[in-house]
Amino acid sequence: MAASLAFLVLAAPSAAASTDDAARSCFPLAQGNRWTFDDSRTGAGSTMRATRVRPGVFRLDGFPGASALRVRWAGGVLQAWDAGQRRWEGFLRLAARKGTTYRVDLPHPLWRDVRVSVSSRSAVVRVEPLKRSFSKAVRLTLEPSPGLSDAGITGMVFAPGVGLVRWEELTFTGPVAHALSSARVNGRKIGRR
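With numbering that gives the first Met the number 0, the residue at position 148 of the sequence shown is 147, and numbering never jumps.
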């Protein structure tokens, strides 16, 4: 019995570390990582870049709904700096179990009072610009603030080893999907650019 209890105590931190590592793999942050997305309606591209600000802290330029965002990992949660409240806030809970729901309230209009749900931890998503599918992806479903009747981000998919591969938004002209067309992640080139 004592040996079993000792095993459980020792195994628990390993399991938590493994879950945190898997979450971090779904959004790898390193100096120079960048992702380019194609708009499904117009084909126009947008780019997101990670820049290291200091050890463990990055600025994301071009993140959907937030042009410049300061982020850091805390376990399996990507936290974002809320300058208005002067505190770190849980932003992307990529290690959370399926069905987990939480709120994000950052001083960016599209991230103010947003309800986020982890709708899948094993999603398979087809990314047409790359002509490939990603499996074991984390899918987040977002419910924009009630004050944004015709705008907001409605979904995001993060693939292990790659990061954000697809996101959807509602605009005043209707829904638009954005799919990864190229990336440079930890020195590895993905896609055509």
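Cβ coordinates follow ideal geometry from the N, Cα and C atoms, glycine included. These numbers come from a predicted model, not from an experiment.
From which residue to which residue does the beta strand (DSSP E) around residue i run?
| i | result |
| --- | --- |
| Val124 | Val113 to Val126 |
| Arg80 | Looking at the sequence shown, residue 80 is not Arg but Trp. Run containing Trp80: Val76 to Asp81, per the beta strand (DSSP E) assignment. |
| Ala177 | Position check: residue 177 holds His in this sequence, whereas Ala was assumed. Segment Gly173 to Val184, the beta strand (DSSP E) holding His177. |
| Trp72 | Ala65 to Ala73 |
| Thr140 | Arg131 to Glu142 |
| Phe26 | Per DSSP, Phe26 belongs to no beta strand (DSSP E) and is neither H nor E. |
| Arg53 | Gly44 to Arg53 |
| Lys194 | In this structure the chain extends from 0 to 192, so residue 194 is not present and cannot be described. |
| Val103 | Thr100 to Val103 |
| Leu59 | Val56 to Phe62 |
| Gly89 | Arg86 to Leu91 |
| Trp34 | Arg33 to Asp38 |
What does a CB cutoff of less than 6 Å around residue i pick up in its chain, not counting 5 residues either side in sequence?
| i | result |
| --- | --- |
| Gln30 | Arg51 |
| Arg120 | Lys97 and Val137 |
| Ser116 | Thr100 and Thr140 |
| Arg69 | Arg58 and Trp80 |
| Arg191 | Ser181 |
| Arg183 | Arg33 |
In or out: residue i buried (at least 16 other Cβ within 10 Å) or exposed?
| i | result |
| --- | --- |
| Val126 | buried |
| Leu4 | With a pLDDT of 40 at Leu4, under the threshold of 50, the modelled position of this residue cannot be trusted, and the question is left open. |
| Gly75 | buried |
| Ser180 | buried |
| Phe171 | exposed |
| Ala43 | exposed |
| Arg92 | buried |
| Gln78 | buried |
| Ala82 | exposed |
| Pro174 | exposed |
| Pro63 | buried |
| Val123 | exposed |
| Asn32 | buried |
| Ala73 | exposed |
| Leu9 | Reliability of the predicted coordinates at Leu9 is poor, the pLDDT of 45 falling under 50, and the value obtained from them is presented with this limitation in mind. Flag for Leu9 reads exposed. |
Between residue i and residue j, which are expected to be in contact by the criterion C-beta below 8 Å, what is the C-beta distance as a whole number of angstroms?
| i | j | result |
| --- | --- | --- |
| Glu88 | Val113 | No, Glu88 and Val113 are not in contact; Cβ-Cβ is about 11 Å, not under 8 Å. |
| Ala150 | Cys25 | With 8 Å as the limit, Ala150 and Cys25 do not qualify as a contact, their Cβ atoms being about 26 Å apart. |
| Ile189 | Val161 | 6 Å |
| Ala21 | Ala95 | At roughly 12 Å, the Cβ-Cβ gap does not stay under 8 Å, so Ala21 and Ala95 are not in contact. |
Using a Cβ-Cβ cut-off of 8 Å (strictly less than) and excluding sequence neighbours within five positions of residue i, which residues of its own chain qualify?
| i | result |
| --- | --- |
| Ala178 | Phe36, Asp37, Ser39, Val126, Glu127, Pro128, Leu129, Val164 and Arg165 |
| Ala67 | Arg58, Leu59 and Asp60 |
Spatial neighbours of residue i within its chain, please: C-beta separation below 7 Å, excluding the five flanking residues on both sides.
| i | result |
| --- | --- |
| Arg111 | Asp104, Leu105 and Ser144 |
| Asp19 | Gly74, Gly75 and Ala94 |
Give me the DSSP bridge partner(s) of residue i.
| i | result |
| --- | --- |
| Leu169 | Gly151 and Pro174 |
| Phe157 | Val137 and Leu163 |
Beta-carbon of residue i versus every beta-carbon of chain D: anything under 8 Å?
| i | result |
| --- | --- |
| Ser180 | Here there is only one protein chain, and chain D is not present. |
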